[in-house]
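Residue numbers for the sequence shown follow UniProt numbering, so the first one is 1 and each next one is one higher.
Where is the CB? At the ideal position from N, CA and C, for every residue including glycine.
What follows is a single structure, written as structure tokens, with notes after it.
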Amino acid sequence: MKNATVGEGSKVPHLSYVGDATIGAGTNIGAATIFVNYDGVDKHHTVVGDHVRIGSDTMLVAPVTIGDGAYTAAGSVITENVPAGAIGVGRAKQRNVLGWVLRKRSGTKSAEAANASIEKGTPTS
Numbered sequence: 001m002k003n004a005t006v007g008e009g010s011k012v013p014h015l016s017y018v019g020d021a022t023i024g025a026g027t028n029i030g031a032a033t034i035f036v037n038y039d040g041v042d043k044h045h046t047v048v049g050d051h052v053r054i055g056s057d058t059m060l061v062a063p064v065t066i067g068d069g070a071y072t073a074a075g076s077v078i079t080e081n082v083p084a085g086a087i088g089v090g091r092a093k094q095r096n097v098l099g100w101v102l103r104k105r106s107g108t109k110s111a112e113a114a115n116a117s118i119e120k121g122t123p124t125s
């Protein structure tokens, strides 16, 4: 943590980076969360309210405010304020590119395994 204050009863795991931030009371910061506070020129501040739940592997891109009682979904990149009581979700929809390994990594053990599975008709979902 650098230039940050953490409210009473809040939890910040050791695999997170918290810089230039104010975190309210009773808040939980999920593992691997990063407070992205530097834009290449200036540092910006992030405010996280009371009783907030930040999902694991979230990036909070400052300046941003997370309102009291709000949540963020795991894996999100949060670039806008999240109002009190809301959940912020900033993730792209997963897209599976079928056949990519066979085309781009042919001759590898991964391609061999994928090909064997496809030939057997092994379900993937």
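Could you tell me the distance, in whole angstroms, from the CA atom of residue i to the CA atom of residue j?
i	j	result
A4	S10	13 Å
S110	N96	16 Å
R103	K120	19 Å
A70	V48	9 Å
D42	G99	43 Å
P83	V52	11 Å
A73	G40	26 Å
S16	G26	17 Å
H44	V6	17 Å
T65	I29	14 Å
P63	H14	23 Å
T22	A31	18 Å
When the distance is taken between beta carbons, is residue j closer than 8 Å to residue i?
i	j	result
S56	T33	yes
A86	G107	no
residue 151	V36	Nothing can be reported for residue 151, as the shown portion of the chain is limited to 1 through 125.
G24	D50	yes
V77	G90	yes
State the start and end residues of the unbroken alpha helix (DSSP H) segment that holds residue i.
i	result
N3	From DSSP, N3 is part of no alpha helix (DSSP H) but of the beta strand (DSSP E) over K2 to V6.
A114	K109 to K120
From which residue to which residue does the beta strand (DSSP E) around residue i run?
i	result
V48	T46 to V48
A73	No beta strand (DSSP E) contains A73, which DSSP labels as neither H nor E.
V61	M59 to V61
T22	G19 to I23
T65	V64 to I66
Determine the DSSP secondary structure at residue i, reduced to helix, strand or coil.
i	result
N28	strand
R53	strand
K93	coil
V82	strand
T101	One point to set straight first is that residue 101 is Val, not Thr, in the sequence displayed. Note: V101 maps to helix in three-state DSSP.
V36	strand
G9	coil
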